[in-house]
Amino acid sequence: MSYTGFKLVKYSYRPIFESGLWNMLRCSVMTTSKEYLQKLWREADAVCFDVDSTVIKDEGLDDLANYCGVGPQVEAMTLKAMGGGMTFREALTQRLNIVKPTRQTVENFIVDHPSTFSPNIKELIALLKSLNKQVYLVTGGFRSIITPVANDLNIPQEHLFANTLLFNEDGSYAGFDTSSLTSESGGKARVVQHIKDTYKVKTVVFVGDGATDMEACPPSDGFIGYGGNVVRAAVKKNAAWFVTDFQELIDQLTKTTNEIHKS
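Note that the sequence shown ends on residue 962 in the numbering used here; no numbers are left out.
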């Protein structure tokens, strides 16, 4: 769902336990059974997918850090952040200050390290679109790295919500856009609410592997945990519906389609 570093911290950020976890528990009241979630999934107007470790197998910032030769340092910062008291934005700032990727480095990374899609995700998204369901990518990752993924999935840029790296005129690292909804704790929940308000969709389901994905429910109407790449214990425990293969989600949609054809 996002960077490995972030995912580890996701379980220890105070904002998540103080507010996000409570939201997740409130959402679980609305989605108390797998059967209810399956019905919600079949009838949803829109689906939001996390990207890192969900749509793709990769973890963007960790991979970029390794590419830049500072993977161990970023991992050490992750462990430090796990001590608590650090927001998502603070952790993101600390990690990027270690990596300090230049524009050229990012461009080279994208070419040298193309993303690997999770099994059956392309088929799932194609099916969702054929059923006239809106599809969004919502990630704490970076737009420049995720854009090729969105393009391969035929998802328009306005349906991609991600962070934006900033560079100076000489191409050196200058920070990231703090106005992005996903640049701070609780950002994914704000994105879902923005989607509901802007695109006038009634029912939204969020699919992801990590705690910040659960945190987006509510305002998403349901959450489906995904463990096809990494199984997060908290997600598996709390998700009413937890899958390890997107084929299971395809089967539910196909079931609905077949029932319609038979009627």
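Note that beta-carbon positions come from the ideal geometry of N, C-alpha and C, so glycine has one too.
Note that the coordinates shown come from a computational prediction; the quantities given were computed from them, not determined experimentally.
By the 10 Å Cβ neighbour count, where 16 or more other Cβ atoms means buried, how is residue i classified, buried or exposed?
i: P771; result: exposed
i: W721; result: Because W721 sits at a pLDDT of 46, beneath the cut-off of 50, its placement in the model cannot be relied upon, and the point is left open.
i: D912; result: buried
i: P813; result: exposed
i: A939; result: buried
i: N847; result: The residue you asked about is not Asn; residue 847 is Pro in the sequence shown. It is exposed - the Cβ of P847 has fewer than 16 other Cβ atoms within 10 Å.
i: N928; result: buried
i: P918; result: buried
i: G909; result: buried
i: P800; result: buried
i: S884; result: buried
i: S817; result: buried
i: S752; result: buried
i: E868; result: exposed
i: D749; result: buried
i: K857; result: Position check: residue 857 holds Glu in this sequence, whereas Lys was assumed. E857 is exposed by the Cβ-count criterion.
i: A873; result: exposed
i: L739; result: buried
i: T897; result: exposed
i: E734; result: exposed
i: A975; result: Any question about residue 975 goes unanswered here, given that the chain covers just 700 to 962.
i: E758; result: buried
i: L859; result: buried
i: T953; result: exposed
i: V773; result: buried
i: D811; result: exposed
i: A849; result: buried
i: E986; result: Because the chain is modelled from 700 through 962, residue 986 falls outside the range shown and cannot be assessed.
Which residues mark the beginning and the end of the alpha helix (DSSP H) in which residue i is found?
i: A849; result: R842 to D851
i: I809; result: R802 to D811
i: G759; result: G759 to Y766
i: K756; result: K756 -> no alpha helix (DSSP H), and no H or E assigned at all.
Helix, strand or coil, according to DSSP, for residue i in the structure here?
i: V798; result: helix
i: D749; result: coil
i: V942; result: strand
i: M729; result: Reliability of the predicted coordinates at M729 is poor, the pLDDT of 44 falling under 50, and no value is obtained from them.
Hey, residue i and residue j are a contact pair by Cβ (cut 8 Å); roughly how many whole angstroms apart?
i: L836; j: I845; result: 7 Å
i: I923; j: L823; result: No, I923 and L823 are not in contact; Cβ-Cβ is about 11 Å, not under 8 Å.
i: V689; j: C747; result: Since the first residue shown for the chain is 700 and the last is 962, residue 689 is missing from the structure and cannot be characterised.
i: I854; j: V834; result: 6 Å
i: F841; j: T863; result: 7 Å
i: A764; j: V903; result: Not quite, the Cβ-Cβ distance comes to about 32 Å (not below 8 Å), so this is no contact.
i: Q737; j: Q951; result: 5 Å
i: F875; j: L795; result: 6 Å
i: S651; j: R741; result: Only positions 700 to 962 of the chain appear in the structure, and residue 651 is not among them; the question remains open.
i: T815; j: I755; result: 6 Å
i: I809; j: V769; result: Between V769 and I809 the Cβ distance is about 18 Å, and since that is not below 8 Å, they are no contact.
i: Y925; j: V906; result: 6 Å
Any heavy atom of the ligand GDP closer than 7 Å to the CB of residue i?
i: T881; result: Among the components of this structure there are no ligands whatsoever, and the ligand GDP is therefore not found.
* Which runs of the alpha helix (DSSP H) spanning at least 4 residues fall entirely within the segment 818-905, listed in chain order? -> The segment 818-905 contains these whole alpha helix (DSSP H) runs: 820-829, 842-851 and 886-898.
* To do: Can you check the segment 901-940 for any alpha helix (DSSP H) of at least 4 residues that lies completely inside it and give the ranges in chain order?
  => Within the segment 901-940, the runs of alpha helix (DSSP H) at least 4 residues long that lie entirely inside it are, in chain order, 910-913 and 932-937.
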